[in-house]
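The structure appears below as structure tokens.
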Amino acid sequence: MEHKVLETRALTMRFGGLTAVDHLDLYVTEGEAVGLIGPNGAGKTTAFNMISGAYKPTEGSVIFQGEDITRLSAPEVCKKGIGRTFQVVRPFGALTVLENVMVGGFVHTGKTAEARSIAEGVLRLVGMDHIANRKAKDLTLPQRKRLEIAKALATGPKLLLLDEVLAGLNPTEIEEAVGLIRKINATGISVLMIEHVLQATMAICSRIYVLDYGKLIAAGTPQEVTSNPDVIKAYLGDDYE
Ligand SMILES: Nc1ncnc2c1ncn2[C@@H]1O[C@H](COP(=O)(O)OP(=O)(O)O)[C@@H](O)[C@H]1O
Ligand SMILES: [Mg+2]
């Protein structure tokens, strides 16, 4: 049987009277790329916040490589090997691309030369080495999205959480980003991605989970999920008009 790198068990987040994530069970196996989709407000980012240690769940647990990491802080989770991007990109604008990525490199080393070498390797992988010395604030949106991925990669993740990294990109840019995510996944890094661009999600992911109002309403292969009547009603309805 394949080995699970990540598993959430009955993961739940309540904000006052609102249950943003309601007993979510999902898993990602070693080397797998998995999608998490659903309408705005479904609870996707909240789930990422709990998995990455930013939020403490109201109930349930997060298991990473067989270890319960539910109560760890965000830096501790990162050190364990879960890297994430943020839906709202937030680079250090005054720092260069290289310096931004070095911040990630410092997760595993205190030595500047080592952090720099990690960052340089990541920038080559994501194809940003030619703009390593550009200030982050001068980047285009697709470049900033890519920088987010690079920052997360520099932390040396075993599992990468991507939160809408394709949002706002044009079709050509999406195609390039899809190629990059597949390339990253092919290096052995498992991927869990939140995405609205369905075609791209289907091109990358072997399985997809669908959240609606905090609850899982479907899970399966892209074909299974997109032919599920509940999913079409909750999520694809508008697209089918
Ligand atoms: N820190 C918070 N405090 C209160 N409510 C929140 C907080 N974060 C998210 N929510 C609410 O939880 C629900 C799910 O939000 P979110 O996880 O961002 O959805 P998605 O990423 O699927 O669009 C929304 O109703 C949102 O307003
Ligand atoms: Mg979100």
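Numbering (our numbering), first residue to last: 1412 to 1652.
A virtual CB, placed ideally from N, CA and C, is assigned to each residue, including glycine.
From a predicted model like this one, the values you see are computed outputs, not experimental measurements.
1) Taking the alpha helix (DSSP H) that Val-1432 belongs to, which residues open and close that run?
2) Closer than 8 Å to a non-hydrogen atom of ligand 1 - does that hold for the CB of Lys-1467?
3) From Val-1621 to Ile-1628, what does the alpha carbon distance come to, in whole angstroms?
4) Whole angstroms are fine: how far does the CA of Phe-1517 sit from the CA of Gly-1532?
5) Can you check whether the CB of Cys-1616 is closer than 9 Å to the CB of Val-1508?
6) Would you list the one or two residues that DSSP bridges to Leu-1627?
7) Assuming Lys-1556 contacts Ala-1505 under a Cβ cut-off of 8 Å, what Cβ separation, rounded to an integer in Å, is found between them?
8) Around ligand 4, which residues pass a check of Cβ closer than 7 Å to any of its heavy atoms?
9) Among His-1434, Val-1473, Pro-1582, Ser-1601, which has the Cα closest to the Cα of Leu-1609?
10) Indicate the three-state DSSP secondary structure (helix, strand or coil) for Gly-1477 in the structure shown.
11) Which word fits Glu-1606, buried or exposed, when buried means at least 16 other C-beta atoms lie within 10 angstroms of its C-beta?
12) Could you give the uninterrupted runs of the alpha helix (DSSP H) lying entirely in the stretch 1517-1597, keeping only those of 4 residues or more?
13) For ligand 1, I want to know if Ala-1485 counts as a neighbour, meaning its beta carbon is within less than 8 Å of at least one of the ligand's heavy atoms.
14) Does any CB atom of chain C fall closer than 9 Å to the CB of Ser-1638?
15) Run the proximity test for Ala-1444: is its beta-carbon closer than 8 Å to any non-hydrogen atom belonging to ligand 1?
16) Taking only runs that begin and end inside the stretch 1455-1501, name each unbroken beta strand (DSSP E) of 3 or more residues, in chain order.
17) Among Arg-1495, Thr-1523, Lys-1569, which one has its Cα closest to the Cα of Leu-1558?
18) Closer than 8 Å: is that where the CB of Pro-1450 sits relative to any heavy atom of ligand 1?
19) Could you check the C-alpha separation between Gly-1428 and Asp-1540 for me, to the nearest Å?
20) Looking at C-alpha atoms only, which residue of Thr-1430, Ala-1431, Glu-1470 is the closest neighbour of Thr-1419?
21) If I follow the unbroken alpha helix (DSSP H) through Thr-1419, where does it start and stop?
22) Is the Cβ-Cβ distance between Gln-1498 and Asp-1574 less than 9 Å?
23) My output table needs one value for Gly-1446: the three-state DSSP class, helix, strand or coil.
This is what the structure gives:
1) Not the alpha helix (DSSP H): Val-1432 falls in the beta strand (DSSP E), residues 1429-1440.
2) no
3) 6 Å
4) 14 Å
5) no
6) Leu-1622
7) Lys-1556 to Ala-1505, Cβ: 19 Å. No contact.
8) Among the ligands in the structure shown, ligand 4 does not appear; only ligand 1 and ligand 2 can be found there.
9) Pro-1582
10) coil
11) buried
12) 1523-1536, 1552-1564, 1582-1597
13) no
14) Given the protein chain composition of this structure (a single chain), no chain C is represented.
15) no
16) 1470-1475, 1493-1495
17) Arg-1495
18) yes
19) 47 Å
20) Glu-1470
21) Segment 1415-1426 is the beta strand (DSSP E) holding Thr-1419; no alpha helix (DSSP H) there.
22) yes
23) strand
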